[in-house]
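Let me begin by presenting the structure, written as C-alpha cells, before commenting on it.
2 protein chains.
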Amino acid sequence: MRTEIATLGEFGLIEHLTEGIEHQNASTVYGVGDDAAVLSYPAPKQVLVTTDILLEGVHFDLTYVPLKHLGYKAAVVNFSDIYAMNGVPRQITVTLGISKRFSVEDMEQLYAGIRLACEAYGVDIVGGDTTSSLTGLTISITCVGEADADKVVYRNGAKENDLICVSGDLGAAYMGLQLLEREKSALRGNTDVQPDFSGKEYLLERQLKPEARKDIIQKLTEAGIKPTAMMDISDGLSSELMHICKQSNAGCRVYEEHIPIDYQTAVMAEEFNMNLTTCALNGGEDYELLFTVPLSLHEQVQDIEGIRLIGHITKPELGCALITRDGQEFELKAQGWNPLK
Amino acid sequence: MRTEIATLGEFGLIEHLTEGIEHQNASTVYGVGDDAAVLSYPAPKQVLVTTDILLEGVHFDLTYVPLKHLGYKAAVVNFSDIYAMNGVPRQITVTLGISKRFSVEDMEQLYAGIRLACEAYGVDIVGGDTTSSLTGLTISITCVGEADADKVVYRNGAKENDLICVSGDLGAAYMGLQLLEREKSALRGNTDVQPDFSGKEYLLERQLKPEARKDIIQKLTEAGIKPTAMMDISDGLSSELMHICKQSNAGCRVYEEHIPIDYQTAVMAEEFNMNLTTCALNGGEDYELLFTVPLSLHEQVQDIEGIRLIGHITKPELGCALITRDGQEFELKAQGWNPLK
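Residue numbers (this note's numbering), protein chains in the order written: chain P, 1 to 341; chain W, 342 to 682.
Right, here's the structure in full:
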C-alpha cells in the first residue's frame, strides 16, 4: 500500500505521525503543535543541546537500511551525544526533508523507529519541521537533555596520568557496513537471493541498530565516578582521542593489546584482509563512550563491567600515540569518517 | 578566490566559521566544540525550542538569493518562532549539508549572514553539525529561547470576541519572490544585464532579508498585554488563522479592508494582474505576528504603532471567513505555502 504524502500535506502528515505520543518527562511542558516546544529545567539542572543530520547517499543507503532502523539510529546517535556529556536525553525535535519517492507508509516506518528509540530511552518528541526535498531523504534531529550543573563532563578536562577508558568494543559497526556494502555489490540486480548473514548478526546490529550507552553512565554515577573528560565514539577512536587531547592540551598513549574488539569483528577483518587495529581505531559509528578518569580511580573503574582501560593521558609534548603489541610507537592519525573529505 | 572545503575538513571548517564568536547570553554556559552545548535556564524561565530546515531548490534559489542574505533569513525565521511564543531567542545550533559546488568562501558568506542576525537579535551560536551533501545546500537551524512560565503564549488560547491583530503588512515578501522569479526568467542566459528594481526595494527586502518582530513583543510587554493566542505568519495569514482557530476551537471573521498592505505590494499585484487580497492572505514568508487579545484591550492595542486590528474570534460553528469590502462572506482556505503539496 502506498499513500502519497501530498494527500495529507505537511500538517496532516505531522499529525498522523505524532498521533498518540505521550510525554514521559516532567520537563516537557508542551510538545508538537505550536511555534516552539516549551520545556522546564529548573536549577540546578543545565540544559544540553545537540544536533545531527543524516543525508541519504552520504550517511545511509536505503538499499540495505530499513527505514525503521534508520529512524531508530537517527534518534540514538543524538542520545549518545547527551550521555557523552554525562547527561540524560529528554526531548527531540525531528526535521525531515522528503522526496516524492517516499510514501506516508515509508514515513510511518521511519517514525516507528524514532518512536521506538524514544520509548526505549525515555525521550519525548516535542516538535520539528517537515518539508519536501528534491532528492532523497534528509533527517535532522536535535536532542535536548539535562545534567546537574556540577555533573557535566566536557572534552577538555583530561589531565596527565588520567586513565583512558572505553565502553563496549570497537570496529564492529564499520565491519557491518563493509559486509552490507559487499552484499549489495554481489546481489546487484539479483533481487531473488537473500544474503546469508548467519554468524554475523552482531556486526549488522552494531551498524543498523546501535545503542547509546545509557547503562555505562548509570554505572559510573552509581559508582560515584565523574570522568574528567568524555565523548562518544562516532568518527573513530583515533579521531576522538585526538579531540580530547587537543581540547585538554594533553597527549596520550593507547595500547593496541587493550583495545576491545569482538570476535566477529576479528573474523570479518581477516575475511576482508583488513588490519584489525586500523578498523578498531578508525571505523567509526561505534557510539561507545571514550572517557578519562584520575589514576586513583583505577580499581573502581576496572570493576565496572563493560569498561576497558586502554591507555593513559600524557604531557602534550609527547603527542598522541599507539603502542603496538611488539612495543613500537606509532603517532595516531585521525583517518576516521570525515564527511567533508 | 575559491578554497575547497575538503582542504579544511569538517572540524577545520567549523573552527574557521565560528572563530571569534563571543557569547552574549548568561544562559549560554558552553557553546561550539563538545558533544552538546550547555545552557542554564533557572526557574521561573521555561525553555523554548524550535527548528526549521531550508533546502536548496525547495525553499531558496541561489541564482538570486545571496548566501549572506540566506544565512540571515535562516536564522531570523527561527527567532520569529520564539517571539511568536512571547519569548526571547537566546541560542541556535546550525546544521549544514554542503555539496562540492560550494567553497569555504561561500560558507563564510552564509555564516556572515547567520552571525549578523545573531548579533542583531542577541543570540549565541552554540553548536551544530556540518557534513557533505550529494546535491545542493541544506540548512537546518534549531533555536532555543526563554520565557517566564506565565508569559508563554500558545496558539490555542483564543476566545470568542477576542480581537485579531497583525503586525506590519502582508503579502510583500510574496510579491518580492514573484519579482525575483520574473527577472530570473527574463534574464536567463543574459548575465550582462542587471535588473532594475528601483521603487521595489521594500518587496525585495521583505523577501531576502526579513526581520522578526522583536519590537512588537517588547511593545506588548511594555503595555502589559499578554495575547491569548499568537503565532508568526510564515505560511500565509489564512493558513495561520485557521491554525489558531482549530487549536482554540473557535471561528473567526476577518475584514478585507483592515488587512494591512504596503503601497509597493499593491502596485506589483496590479502589474502582475494578481488579486491583492489573495496575495496578502496566502503569500507567506511575512514573519509578522498574528495574535488575539481580549476585547477589553481594544484601545491599548490600537495605540501601539505597527499593529492592526483585522477581525475577531467567533464561536467555532461559524467557521473562518473573510468579509469583503462589499460585505460578502467567503470561507477562508489555506492556500498558502505547503511544501508537501
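All C-beta atoms, glycine included, are put in the ideal place defined by N, C-alpha and C.
*Leaving out five residues on either side along the sequence, give the residues of the same chain with a beta carbon under 6 Å from the beta carbon of residue 632 (chain W).*
506, 568, 571
_Less than 9 Å between the beta carbons of residue 464 (chain W) and residue 365 (chain W), yes or no?_
yes
*Residues of chain W with a CB under 9 Å from the CB of residue 247 (chain P): which are they?*
374, 375
*asked:* I'd like to know if residue 671 (chain W) contacts chain P, where contact means its C-beta is closer than 9 Å to some C-beta of that chain.
replied: no
*asked:* Which residue marks the beginning of the alpha helix (DSSP H) containing residue 423 (chain W), and which one marks its end?
replied: 408 to 424
*Tell me, please, whether the stretch 523 to 541 of chain W touches the stretch 497 to 506 of chain W by the rule of three or more beta-carbon pairs shorter than 8 Å.*
no
*What runs of the alpha helix (DSSP H), each 4 residues or longer, lie entirely inside the stretch 598 to 679 of chain W?*
604 to 613, 617 to 623, 639 to 643
_Could you check whether residue 174 (chain P) and residue 286 (chain P) sit closer than 9 Å to each other, using their CB atoms as the reference points?_
yes
*Check the Cβ of residue 39 (chain P) against every Cβ in chain W and list those closer than 7 Å, keeping chain order.*
387, 388, 390
*Could you tell me the distance, in whole angstroms, from the CA atom of residue 322 (chain P) to the CA atom of residue 331 (chain P)?*
6 Å
*Can you round the beta-carbon distance between residue 425 (chain W) and residue 573 (chain W) to whole angstroms, since I take them to be within the 8 Å contact cut?*
4 Å
*Would DSSP call residue 454 (chain W) helix, strand or coil?*
helix
_Close-in-space but distant-in-sequence residues of the same chain around residue 470 (chain W) (CB under 7 Å, 5 per side omitted)_ = 436
*Give a yes or no on whether the minimum CB-CB distance between residue 144 (chain P) and chain W is below 9 Å.*
yes
_So that I know if they touch, is there some Cβ in chain W lying closer than 9 Å to that of residue 23 (chain P)?_
no
*Per-residue contacts from residue 566 (chain W) into chain P (C-beta, under 7 Å)*: Under the 7 Å cutoff, chain P gives no residues; its nearest Cβ is about 18 Å from residue 566 (chain W).
*Mind checking whether residue 389 (chain W) and residue 423 (chain W) have CB atoms under 9 Å apart?*
yes
*Closest Cα partner of residue 667 (chain W) within the set W:397, W:589, W:531, W:599*: W:599
*Chain-ordered chain P contacts of residue 452 (chain W) [CB-CB under 8 Å]*: Correct list: empty, because the minimum Cβ distance to chain P is about 15 Å.
*asked:* Which residues of the stretch 94 to 110 of chain P have a Cβ closer than 7 Å to any Cβ of chain W? Give them in chain order.
replied: 95, 97
*asked:* Three or more C-beta pairs under 8 Å: does that hold for the stretch 391 to 406 of chain W against the stretch 472 to 486 of chain W?
replied: yes
_Tell me which residue opens and which closes the beta strand (DSSP E) that residue 393 (chain W) is part of._
386 to 396
*Find the residues of chain P that neighbour residue 637 (chain W), judging by a C-beta separation of less than 8 Å, and give them in chain order.*
What residue 637 (chain W) touches in chain P: nothing, since even the nearest Cβ is about 25 Å away.
*Do you know offhand how far residue 374 (chain W)'s Cα is from residue 245 (chain P)'s?*
13 Å
*Any C-beta of chain P sitting closer than 9 Å to the C-beta of residue 533 (chain W)?*
no
*Output the distance between the C-alpha atoms of residue 546 (chain W) and residue 106 (chain P), rounded to the nearest integer angstrom.*
39 Å
_Contact list for residue 384 (chain W) against chain P, beta-carbon separation under 9 Å_ = 40, 41, 42, 43
*Tell me, to the nearest whole angstrom, how far the beta carbon of residue 110 (chain P) is from that of residue 68 (chain P); I am working on the premise that it is less than 8 Å.*
7 Å
*Exposed or buried, which one is residue 419 (chain W) when buried takes at least 16 other CB atoms within 10 Å?*
buried
*Helix or strand or just coil, what does DSSP make of residue 344 (chain P)?*
What the structure shows of chain P is the stretch from 1 to 341, and residue 344 (chain P) is not part of that stretch, so it cannot be assessed.
*With respect to the beta strand (DSSP E) encompassing residue 487 (chain W), which residues constitute its N-terminal and C-terminal limits?*
479 to 489
*Whose C-beta lies closer than 6 Å to the C-beta of residue 518 (chain W) among residues of the same chain, with five residues either side of it excluded?*
548
*Does the distance from the C-beta atom of residue 148 (chain P) to that of residue 214 (chain P) stay below 9 Å?*
no
*Taking DSSP as the reference, what is the three-state secondary structure of residue 229 (chain P)?*
strand
*asked:* If you reduce the DSSP assignment to three classes, tell me which class residue 206 (chain P) lands in.
replied: helix
*Kindly list, in the order they appear in chain W, the residues whose Cβ is closer than 8 Å to that of residue 292 (chain P).*
The premise fails here: residue 292 (chain P) is roughly 14 Å from chain W at the closest Cβ pair, so nothing lies under 8 Å.
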